[in-house]
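J.: Okay, so the sequence shown: first residue is 8 according to my numbering, each after it adds one. Provided herewith is a single structure, encoded as structure tokens, for subsequent inquiry.
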Amino acid sequence: MKKFFLFITAALFAVSLVPTVFAKTFVTIGTGGVTGVYYPTGGAISRMVNKKSDVYDIKSTVESTGGSVYNVNAVVAGDLEFGISQSDIQYQAFKGLESWKDKGPQKKLRSVFSLHPEIVTIVASENSGIKKLADMKGKRINIGNPGSGQYINSEDVFDAAGLKFSDVKVEKAKAVESPALLQDERIDAFFYTVGHPNSNIKEATSGRIKVRFVPVEGAQADYLVKKFPYYVKTYINIKDYPTASGDGKNVPAVGVKATLVTSSDVSDKVVYAITKEVFDNFDEFKTLHPAFANLTKQEMLEGLTAPVHPGAMKYYKEAGLDKYISSNLR
Numbered sequence: 008m009k010k011f012f013l014f015i016t017a018a019l020f021a022v023s024l025v026p027t028v029f030a031k032t033f034v035t036i037g038t039g040g041v042t043g044v045y046y047p048t049g050g051a052i053s054r055m056v057n058k059k060s061d062v063y064d065i066k067s068t069v070e071s072t073g074g075s076v077y078n079v080n081a082v083v084a085g086d087l088e089f090g091i092s093q094s095d096i097q098y099q100a101f102k103g104l105e106s107w108k109d110k111g112p113q114k115k116l117r118s119v120f121s122l123h124p125e126i127v128t129i130v131a132s133e134n135s136g137i138k139k140l141a142d143m144k145g146k147r148i149n150i151g152n153p154g155s156g157q158y159i160n161s162e163d164v165f166d167a168a169g170l171k172f173s174d175v176k177v178e179k180a181k182a183v184e185s186p187a188l189l190q191d192e193r194i195d196a197f198f199y200t201v202g203h204p205n206s207n208i209k210e211a212t213s214g215r216i217k218v219r220f221v222p223v224e225g226a227q228a229d230y231l232v233k234k235f236p237y238y239v240k241t242y243i244n245i246k247d248y249p250t251a252s253g254d255g256k257n258v259p260a261v262g263v264k265a266t267l268v269t270s271s272d273v274s275d276k277v278v279y280a281i282t283k284e285v286f287d288n289f290d291e292f293k294t295l296h297p298a299f300a301n302l303t304k305q306e307m308l309e310g311l312t313a314p315v316h317p318g319a320m321k322y323y324k325e326a327g328l329d330k331y332i333s334s335n336l337r
């Protein structure tokens, strides 16, 4: 019996050592609808990490979700380890604004990196004569349905241009309805906050009515970027829309960024692994979607409004990228 007891004790001791070798940490990335950009992005990040599963002892999966607000709430609650969210939603959550007015600031929220810009796109018919923001005065403008991203973004752009909604004939249709409304000559222009290239914008630029993009640039763009930390300067690549009118040059614009967020409760080791695999395989990552084609590593550290997770910061310091991160996010 004594020998048996010693055998069992030795066996249990040996088994206690096994998890340090074989245990996996399971993480889930919340994305959006399966037809959008968020879902394949989350899937690609997961595949990159899973290729090194034996190195990191991490197994990553992706989940289709309701999008930005859902992902932030799920990450903070611990139901998801990571989520993709617009930078303005990230800002509102961390500050306790809009959807979080009652809940208060979501202080566990952490930034990992940003992705493609979701550009505040303004499309106008050639017949309208709208070539700059000031030309919208008195025209029929679809600003998007209340509560939508473009509705809020259009308010900000109007403010930057010294305009009010009362200065135009406002339409509040959904953005996806805008191309048909423009081609039917029921509106003169519309706002749509979206990643490019986009099929709805291609529809708008390919119809009977010739259209052009209206730039947001100069003092107007400076005003937005300075006032709202989640806006970034960007541009619409005119090569994506060869039938649009204009001078053939890229169109200056502003946009919010799609961002990867996590919680302060997620370990430094896990966040470090996710960050390292994306940045170390950056050229491969850029091929995932046309929206990533012109992305730079520096741009992936712009538009962040919650503090950067220490695990991500560890990698950025090693790679010499920490210089691009605002001091208030460290």
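For glycine and all other residues, C-beta sits at the position ideal for the given N, C-alpha and C.
Using 10 angstroms around the beta-carbon of Ser206, count the other beta-carbons present and answer buried if the total reaches 16, otherwise exposed.
T.: Ser206 comes out exposed.
J.: Go ahead and label Ala326 buried or exposed: buried means 16 or more other beta carbons lie within 10 angstroms of its beta carbon, across all protein chains shown.
T.: Classification of Ala326: exposed, given that the 10 Å Cβ count is below 16.
J.: What residue range does the beta strand (DSSP E) around Arg219 cover?
T.: Note, Arg219: beta strand (DSSP E), Val218 to Phe220.
J.: Where Phe286 and Phe120 are concerned, what is the direct C-alpha to C-alpha distance, given to the nearest angstrom?
T.: The alpha-carbon atoms of Phe286 and Phe120 are separated by roughly 10 Å.
J.: Please work out which residues of its chain come closer than 6 Å, Cβ to Cβ, to Glu70, disregarding the five sequence neighbours upstream and downstream, and give them in chain order.
T.: Here the set comprises Thr35 and Gly37.
J.: Going along the chain, which unbroken runs of the alpha helix (DSSP H) with 4 or more residues stay wholly within the region 38 to 122?
T.: Correct list: 45 to 58, 60 to 63, 75 to 84 and 94 to 102.
J.: Hey, quick one: how far does the beta strand (DSSP E) through Gly262 stretch, first residue to last?
T.: Segment Val258 to Ser270, the beta strand (DSSP E) holding Gly262.
J.: Do three or more CB pairs link the region 311 to 331 to the region 50 to 69 at distances below 8 Å?
T.: Because the criterion of three Cβ pairs below 8 Å is not met, the region 311 to 331 and the region 50 to 69 do not touch.
J.: Enumerate in chain order the residues of its own chain whose CB-to-CB distance from Asn257 is below 7 Å, with the five nearest sequence positions on each side excluded.
T.: Here the set comprises Tyr242, Ile243, Asn244 and Ile245.
J.: Tell me, please, which residues DSSP counts as bridged to Ile126.
T.: Looking at the DSSP assignment, Ile126 forms a beta bridge with Val201 and Gly262.
J.: Let me check understanding here. Comparing Cα to Cα, which of Ile208, Asn149 and Gln97 lies closest to Val250?
T.: According to the sequence shown, residue 250 is Thr rather than Val. Among Ile208, Asn149 and Gln97, the Cα nearest to that of Thr250 belongs to Ile208.
J.: Using 8 Å as the threshold, is the region 145 to 163 in touch with the region 283 to 302, meaning 3 or more CB pairs across them?
T.: Because the criterion of three Cβ pairs below 8 Å is not met, the region 145 to 163 and the region 283 to 302 do not touch.
J.: Quick one: is Thr269 buried, meaning 16 or more other Cβ sit within 10 Å of its Cβ, or exposed?
T.: Under this definition Thr269 is a buried residue.
J.: What residue range is occupied by the uninterrupted beta strand (DSSP E) comprising Lys330?
T.: Segment: none, Lys330 is in no beta strand (DSSP E) and carries neither H nor E.
J.: Output the distance between the C-alpha atoms of Phe101 and Asn80, rounded to the nearest integer angstrom.
T.: So the alpha carbons of these two residues sit roughly 11 Å apart.
J.: Can you give me the C-alpha to C-alpha distance between Lys283 and Pro153, rounded to a whole angstrom?
T.: Taking the straight line from one Cα to the other gives about 39 Å.
J.: Below 8 Å, can you find three or more Cβ-Cβ pairs linking the region 132 to 140 to the region 94 to 108?
T.: Segments in contact, no.
J.: Using only alpha-carbon positions, find the residue among Ser161, Val44 and Val261 that is nearest to Lys233.
T.: Nearest option by C-alpha distance: Val261.
J.: By Cβ distance below 8 Å, which residues in the same chain neighbour Ala196 in space, the five residues on each side in sequence not counted?
T.: Ile129, Val130, Ala131, Ser132, Ser135, Ile137, Met143, Lys146, Arg147, Ile148, Asn149, Leu189 and Val221.
J.: Between the alpha carbons of Pro26 and Gly202, how many angstroms are there, rounded?
T.: For Pro26, the predicted model reports a pLDDT of 44, less than 50, meaning its position is unreliable and no value from the coordinates is stated.
J.: Taking Thr241 as part of the beta strand (DSSP E), name the residues at either end of that continuous run.
T.: Per DSSP, Thr241 belongs to the beta strand (DSSP E) from Val239 to Ile243.
J.: CB-CB under 7 Å to Ala228, same chain, minus the five flanking residues each way: which ones, in chain order?
T.: Lys240, Pro259 and Val261.
J.: So, at 6 Å on beta carbons, what are the nonlocal neighbours of Asp174 in its own chain, with the 5 sequence-adjacent residues on each side left out?
T.: So the qualifying residues of the chain are Lys144.
J.: The alpha helix (DSSP H) that contains Ile208, what's its start and end?
T.: Taken as a continuous stretch (DSSP letters only), the alpha helix (DSSP H) holding Ile208 covers Ser206 to Thr212.
J.: Determine the DSSP secondary structure at Ile150, reduced to helix, strand or coil.
T.: Here Ile150 sits in coil by DSSP.
J.: Could you compute how far the alpha carbon of Gly214 sits from the alpha carbon of Asn301?
T.: Cα to Cα, Gly214 sits roughly 28 Å from Asn301.
J.: Whose C-beta lies closer than 6 Å to the C-beta of Thr200 among residues of the same chain, with five residues either side of it excluded?
T.: Cβ neighbours of Thr200 beyond the five flanking positions: Glu125, Val127, Gly156, Gln157 and Asn160.
J.: Mind checking who Val34 pairs with in its DSSP beta bridge?
T.: BP columns for Val34 point to Ser67.
J.: Return the chain-ordered list of same chain residues with a C-beta closer than 7 Å to the C-beta of Val278, the five sequence neighbours on each side being excluded.
T.: The answer, listed in chain order, is Val119, Thr269, His316, Gly318 and Ala319.
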